[in-house]
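Chains as they are written, first to last, in my numbering: chain D, 510 to 801; chain V, -18 to 203.
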Amino acid sequence: MDFNINTFEKLLNICESKNKKIYEVMQEKEAFDFDIDVESVRNRAAKNIEAMKSAIKSGMTSKEKSFSGLCGDDCVKLQKRYKKETSLFGKIYEKIITYALATMEENLRMNKIVACPTAGSCGIVPAVIVALSEEKGLNKEEEINALITAGTVGYVISAKVAMAGAVAGCQAECGVASAMSAAAAAQILGGNERQKINAAVLALKNILGLTCDPVGGLVEIPCVKRNVFLSIHAITGAELSLAGIESKIPPDEVVDAMVQTGQLMSPLLKETSQGGLAVTKNGLLISSGTIR
Amino acid sequence: MKQRSLFDVISPIMTGPSSSHTAGAVRLGLLARNIYKETPKKIIFRLYNSFAQTGKGHGTDKGLLAGLFGYSVDSEKIKNIFNEPSLKNINYTYEYLQNMDRHPNAVDFVLEGRINMTISGNSVGAGNVEITKIDSFTTKISGEYNTIILFYKDKPGMISRVSTIIQKENINIASLDCDRNARGQTASMCICVDGQIPPKVISEIEKIEDVYFVRSIKKLED
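See below:
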């Protein structure tokens, strides 16, 4: 497959003309580009899923705090609540937000996670894929299909913008992770190729302008909880899309809007910790170590 | 933006907390290690801009050191690398600098030992990195491909002699970048290839007259 997949339109055209699913097109392209077989691509994806699961598992049991002492004991609190009472939205909701939190807390402990697309947004894709997989009883191959679908969304967006808060704010980190997860959810829930991309784009549209203003420059406040929120955000994208509700702005134009928004965003709000939450009274007190 | 791999988006499996500031730092260290190929006696890490401002909280300092001594991005040692017994006798220091001409996440490895070398690089997002300079020469090393780097005397025919050696082994060149200080002075060549680089290619290139320095830099595994 000796061509680029740098727009969603191109991706969907290839899927339609070859009558293939998004993950099939992407795994074939990856295999071609790196001169390996499709099986190796899928094995690497499987390895990532295993690492995601083990981060969730260890994250759910640990109470160890980060070096800053700011975060690290929230996932235990959340599970304590669910032992007493069920979430309003049921088991699957509980699992998604628990897994997102568990993964992000492993990250701030300097333990092992999978950057997806970045470490600061590493909780979202695993939370959605693993929770849905457990609740829907997916097999290993179906999990891989979902992860490659998610990855394809990030891959296409990365043609236009680097996945870095310093470049386009949190849009390009948690925002993209949420879009990736929306597509993965639509894949798991049986959507067609257009619905998967539409799910991603609906999620992306709703995070435009999201800044990166971490307190003290740490991947802790607001990153940890933001991962939790945006994992649920992804499900909303998939739910709407599977109902046939479409973004009136086409996918590639939404990405263009996100790129432009990133360019217009002040550098003070792009991973420099010189604006937003980082310079609030308490943000600065936390940053200077005065309070924890 | 150049797209490279699906696994730029869903990878690496890494030690947290930041793909750019932790994993990127380790990968820059690994590339510097692959370029220097010796054990330095003295190291100065110069961190710039965001690397300098927020690096400590992200373990950037630990990552750079860990990478330079060969630990991978998912190593459990990174967290406590400052207490690692095998690094007890290494002389290393950190400098924190501000320079808006440099990338937001830039670093210089100032390495002293049998040979002295300064290697500069950037962490460009999602754990992806680039080595942009070796001493005063511009390079383009991302760790995505196996790469040959050489310094030589600027004169006609050098590219063709080098590419002939590579072609003889039936290796495809993915990209080729050259730079020079001035006409007739020292020049650099940076060649990314598909597949492996046999040691024979490097020893053949070393034999070319007026080639001063050759390195085969293995691509980063994750």
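Even for Gly, the Cβ is constructed at its ideal location relative to N, Cα and C.
For residue i: DSSP bridge partner residues
{"i": "lysine 621 of chain D", "result": "V:Thr(-4)"}
{"i": "alanine 26 of chain V", "result": "Here residue 26 of chain V turns out to be phenylalanine, not alanine, going by the sequence shown. Phenylalanine 26 of chain V is bridged to V:Tyr75 and V:Phe90."}
{"i": "lysine 779 of chain D", "result": "D:Cys721"}
{"i": "valine 192 of chain V", "result": "V:Tyr133"}
{"i": "cysteine 159 of chain V", "result": "V:Met170"}
{"i": "serine 797 of chain D", "result": "Serine 797 of chain D is not bridged to any residue."}
{"i": "isoleucine 154 of chain V", "result": "V:Val174"}
{"i": "isoleucine 115 of chain V", "result": "V:Ile100 and V:Phe118"}
Same chain, Cβ closer than 7 Å to residue i, neighbours up to 5 away in sequence not counted
{"i": "lysine 645 of chain D", "result": "Ile697"}
{"i": "lysine 199 of chain V", "result": "Asn15 and Asn127"}
{"i": "tyrosine 75 of chain V", "result": "Phe26, Leu28 and Asp42"}
{"i": "aspartate 546 of chain D", "result": "Ala540"}
{"i": "threonine 113 of chain V", "result": "Ser101, Gly102, Asn103, Thr119 and Thr120"}
{"i": "glutamate 187 of chain V", "result": "Val195"}
{"i": "valine 639 of chain D", "result": "Met561, Lys562, Ile565 and Tyr608"}
{"i": "serine 690 of chain D", "result": "Ile633, Val634, Val637, Ala659, Ser740 and Ala743"}
8 Å Cβ shell around residue i - same chain, five flanking residues per side excluded
{"i": "phenylalanine 32 of chain V", "result": "His2, Ala6, Thr41, Pro85, Asn86, Ala87, Val88 and Ser104"}
{"i": "glutamine 148 of chain V", "result": "none"}
{"i": "arginine 142 of chain V", "result": "Ile189"}
{"i": "glycine 176 of chain V", "result": "Asn127, Ile152 and Asn153"}
{"i": "threonine 612 of chain D", "result": "Met561, Ala564, Ile565, Gly568, Ile622, Cys631, Gly632, Pro635, Ala636 and Asn736"}
{"i": "threonine 595 of chain D", "result": "Glu603"}
{"i": "glutamine 166 of chain V", "result": "Lys134 and Asp135"}
{"i": "glutamate 111 of chain V", "result": "Gly102, Asn103, Val105, Lys121, Ile122 and Ser123"}
DSSP state of residue i mapped onto helix, strand, coil
{"i": "threonine 120 of chain V", "result": "strand"}
{"i": "tyrosine 126 of chain V", "result": "coil"}
{"i": "lysine 200 of chain V", "result": "coil"}
{"i": "leucine 45 of chain V", "result": "helix"}
{"i": "asparagine 109 of chain V", "result": "strand"}
{"i": "lysine 519 of chain D", "result": "helix"}
{"i": "valine 174 of chain V", "result": "strand"}
{"i": "arginine 142 of chain V", "result": "helix"}
{"i": "serine 67 of chain V", "result": "helix"}
{"i": "isoleucine 53 of chain V", "result": "In the sequence under discussion, the amino acid at residue 53 of chain V is serine, which differs from the isoleucine named in the question. The answer is coil: DSSP assigns serine 53 of chain V none of H, G, I, E or B."}
{"i": "threonine 3 of chain V", "result": "helix"}
{"i": "asparagine 513 of chain D", "result": "coil"}
{"i": "asparagine 97 of chain V", "result": "coil"}
{"i": "isoleucine 758 of chain D", "result": "coil"}
{"i": "isoleucine 59 of chain V", "result": "helix"}
{"i": "asparagine 528 of chain D", "result": "coil"}
{"i": "asparagine 103 of chain V", "result": "strand"}
{"i": "lysine 572 of chain D", "result": "coil"}
{"i": "isoleucine -9 of chain V", "result": "coil"}
{"i": "lysine 18 of chain V", "result": "coil"}
{"i": "isoleucine 186 of chain V", "result": "helix"}
{"i": "isoleucine 545 of chain D", "result": "coil"}
{"i": "glycine 165 of chain V", "result": "coil"}
{"i": "proline 85 of chain V", "result": "coil"}
{"i": "asparagine 791 of chain D", "result": "helix"}
{"i": "proline 180 of chain V", "result": "helix"}
{"i": "alanine 752 of chain D", "result": "coil"}
{"i": "serine 31 of chain V", "result": "helix"}
{"i": "arginine -15 of chain V", "result": "coil"}
{"i": "methionine 774 of chain D", "result": "coil"}
{"i": "alanine 10 of chain V", "result": "It should be noted that the sequence gives glycine, not alanine, for residue 10 of chain V. Three-state result, glycine 10 of chain V: helix."}
{"i": "glycine 36 of chain V", "result": "helix"}
Sequence-distant residues of the same chain with beta carbon closer than 6 Å to residue i, five excluded per side
{"i": "serine 740 of chain D", "result": "Ile605, Ala609, Ile633, Ala636 and Val637"}
{"i": "valine 737 of chain D", "result": "Ile606, Ala609 and Leu610"}
{"i": "phenylalanine 209 of chain V", "result": "Outside the shown range of chain V (-18 to 203) lies residue 209 of chain V, about which nothing can therefore be said."}
{"i": "glycine 700 of chain D", "result": "Leu751"}
{"i": "methionine 139 of chain V", "result": "Tyr133"}
{"i": "lysine 574 of chain D", "result": "Gly581"}
{"i": "serine 156 of chain V", "result": "Cys173"}
Quiz prompt | the segment 43 to 60 of chain V touching the segment 144 to 161 of chain V, judged by at least three CB pairs closer than 8 Å | solution = no
Quiz prompt | Length-filtered (4 minimum) alpha helix (DSSP H) runs lying within the segment 614 to 673 of chain D | solution = 633 to 645 and 649 to 666
Quiz item: Counting pairs of beta carbons, one from the segment 612 to 630 of chain D and one from the segment 686 to 701 of chain D, are three or more of them closer than 8 Å?
Solution: yes
Quiz item: Can at least three beta-carbon pairs, one atom from the segment 763 to 783 of chain D and one from the segment 701 to 713 of chain D, be found at a separation below 8 Å?
Solution: yes
Quiz item: Residue ranges of each alpha helix (DSSP H) run of no fewer than 4 residues wholly in the segment 672 to 750 of chain D, ordered along the chain?
Solution: 674 to 677, 683 to 697 and 702 to 714
Self-check item: Contact the segment 767 to 776 of chain D vs the segment 660 to 679 of chain D: 3+ CB pairs below 8 Å
Solution: yes
Quiz item: Within the chosen definition, does the segment 611 to 625 of chain D reach the segment -13 to -6 of chain V through at least 3 CB pairs nearer than 8 Å?
Solution: yes
Exercise. Say whether the segment 719 to 726 of chain D touches the segment 777 to 787 of chain D, bearing in mind that this needs 3 or more beta-carbon pairs closer than 8 Å, one atom from each stretch.
Key: yes
Quiz item: Are at least three pairs of beta-carbons, each pair with one atom in the segment 552 to 559 of chain D and one in the segment 787 to 799 of chain D, less than 8 Å apart?
Solution: no
Practice problem: Counting only runs of 4+ residues fully inside the segment 550 to 607 of chain D, write out the alpha helix (DSSP H) ranges in chain order. | Solution: 583 to 593
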